[in-house]
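Heads up: the sequence shown is residues 24 to 395, going by our numbering.
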Amino acid sequence: MTRHEDIEERLLGALAVVPSEDGLRWLDQRVAGLVAQPAATRPRWVPGRRGLLRPLALVAAFAVATGTVVGAMGLLDRTVEDSSLPGWRTAWDRAEVLDLQQTDNGLTVTLERAYADLNQVLVGFTVEGLEAPTSTVGERGPAIDWVAELRDPTGRTADQWAPSSLSMGADETNLSAVIQTWQGAPAPVAGTWELTVTSIGYSAMTNAGSCGAGDGTGDACASAGISGPIEGNWSFEFDLPKPSGTVVASEATATKEDATITLSQLRISPTMVSGRIGLRLADETVAYWGLLDAEVRHDGATYPINMATHIDPEDPHDGPNGDENEFGTIGGSDEAAGEWVVHIPQLSYGTDDPAQTPVELSGPWTLTVTVP
């Protein structure tokens, strides 16, 4: 028996029902992927003038191969697992189960779960009524797109408190799934949230060869069976408990040669550790910068930093802490007490001079915060 067959046999033995042929094909592909998967690599933030900043009334796209639900493995559960983000798994497992439905323009959207802590909000919803275009094996098909807006219990829209967002979509026959998160500082109060979805559909952006310029429109897309977004109004109101987590003010600084980094805030929650961090140079004004291979350490655990978002691209970059970013890790902690260390081996920065290429500096910079 090969390693592939052994893993597949154990997985099949764990299923509550006999899967369909489509389901078995999905399982074959999934097991083969697991067997062939290389060692995980640490994410690297690539600096740019806008960094990872994305508009919050966003069109989010991510293509995932189609398949059929296998036993108890739901499409949303698989989407969370495929993200490889421990924080998403924690949020999904602890989320409030809502099961709220709205139908408009031939599509039924079901808000399955929602979660909030002091670092991010996660929602998961499914869409029935979209016919996903098919693609051949090994060919990346069109991606599901959607536009979603979130309002918190204080009435703020997400663009007022969340400088970044992350999302992932998946589809199978007659069913699509979306996981959407907003990263930032949610209001620390229990209350009613409102999610509004205004557009759902498929885009050819990820398969430009089959649709002309790849903008998801035109005769080429129509002949390929790819329709544009369907407009509508799918609104949901739901209650969530007070977001969990700890916020710590900090004055930790570290200097290496002419570069000083200041950590002014650390937020610790079950799904993420985030912080507000600034870079100031002795002889230059920083316009944008990024962390390279940085991580947060606490009580023997290491949390790789996988995102850094420019807090305000329009600010003059001359605040007391220099140019500021907000960073976040791929996972979080329930335990806030103790010593937290932000370790930055390298960074990259740029100025407003368009002729200057990004400059890399070697550290390390180590900033320590103690939480009682």
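Glycine residues also receive a C-beta, built at the ideal position from the N, C-alpha and C atoms.
Here's the rule I'm using: 16 or more other beta-carbon atoms within 10 Å means buried, otherwise exposed. How should residue i be labelled?
{"i": "Gln206", "result": "buried"}
{"i": "Pro264", "result": "exposed"}
{"i": "Asn128", "result": "exposed"}
{"i": "Ala171", "result": "buried"}
{"i": "Glu383", "result": "exposed"}
{"i": "Pro143", "result": "It is worth fixing the name first, because residue 143 is Gln in this sequence and not Pro. When all chains shown are included, Gln143 counts as buried."}
{"i": "Pro186", "result": "buried"}
{"i": "Glu362", "result": "exposed"}
{"i": "Gly351", "result": "buried"}
{"i": "Gly178", "result": "exposed"}
Please report the residue range of the beta strand (DSSP E) in which residue i lies.
{"i": "Arg117", "result": "Taken as a continuous stretch (DSSP letters only), Arg117 belongs to no beta strand (DSSP E), being part of the alpha helix (DSSP H) at 109–117."}
{"i": "Thr180", "result": "Looking at the DSSP string, Thr180 is not in any beta strand (DSSP E), and its letter there is neither H nor E."}
{"i": "Asp168", "result": "166–174"}
{"i": "Pro387", "result": "382–394"}
{"i": "Ser396", "result": "Because the chain spans 24 through 395 in this model, residue 396 falls outside it and cannot be assessed."}
{"i": "Ile367", "result": "361–373"}
{"i": "Val309", "result": "Run containing Val309: none; DSSP gives neither H nor E here."}
{"i": "Glu195", "result": "187–195"}
{"i": "Glu260", "result": "253–263"}
{"i": "Glu280", "result": "Neither: Glu280 is in no beta strand (DSSP E) and is coded neither H nor E."}
{"i": "Leu304", "result": "296–304"}
{"i": "Asp357", "result": "Here Asp357 belongs to no beta strand (DSSP E), and DSSP marks it neither H nor E."}
{"i": "Pro327", "result": "324–333"}
For residue i, report the span of its alpha helix (DSSP H) as first-last.
{"i": "Val103", "result": "98–105"}
Pop quiz: residue i and residue j are said to be a contact at Cβ under 8 Å. What is the actual Cβ separation, rounded to whole angstroms?
{"i": "Val309", "j": "Leu302", "result": "5 Å"}
{"i": "Val220", "j": "Trp257", "result": "4 Å"}
{"i": "Gly386", "j": "Pro109", "result": "With 8 Å as the limit, Gly386 and Pro109 do not qualify as a contact, their Cβ atoms being about 26 Å apart."}
{"i": "Ser356", "j": "Pro293", "result": "7 Å"}
Taking 7 Å as the cut-off, is the beta-carbon of residue i closer than that to any non-hydrogen atom of the ligand ATP?
{"i": "Gly313", "result": "For the structure depicted, the ligand ATP is absent and the ligand set is empty, with no information on it obtainable."}
Just the C-alpha distance for residue i and residue j, rounded to the nearest angstrom, thanks.
{"i": "Val255", "j": "Asn197", "result": "The sequence shown places Gly at residue 255, rather than the Val named in the question. Those two C-alpha atoms are separated by around 18 Å."}
{"i": "Thr276", "j": "Val392", "result": "10 Å"}
{"i": "Leu153", "j": "Asn348", "result": "39 Å"}
{"i": "Ser8", "j": "Gly373", "result": "The question about residue 8 has no answer here: the residues shown for the chain are numbered 24 through 395."}
{"i": "Leu189", "j": "Thr215", "result": "22 Å"}
{"i": "Asp316", "j": "Ile291", "result": "20 Å"}
{"i": "Arg101", "j": "Phe148", "result": "13 Å"}
{"i": "Gln369", "j": "Ala208", "result": "26 Å"}
{"i": "Ala378", "j": "Asp281", "result": "22 Å"}
{"i": "Ile223", "j": "Ile334", "result": "29 Å"}
{"i": "Pro343", "j": "Tyr311", "result": "16 Å"}
{"i": "Thr126", "j": "Glu119", "result": "21 Å"}
Taking the alpha carbon of residue i as the reference point, which residue from the options has its own alpha carbon closest?
{"i": "Asn329", "options": "Gly298, Glu119, Leu304", "result": "Gly298"}
{"i": "Asp140", "options": "Thr113, Leu134, His321", "result": "Thr113"}
{"i": "Leu314", "options": "Gln125, His366, Ile167, Ser287", "result": "His366"}
{"i": "Ala137", "options": "Ile284, Thr380, Phe261", "result": "Phe261"}
{"i": "Pro381", "options": "Trp388, Leu390, Asp375, Ser371", "result": "Ser371"}
{"i": "Val364", "options": "Asp357, Asp376, Asp375, Pro327", "result": "Pro327"}
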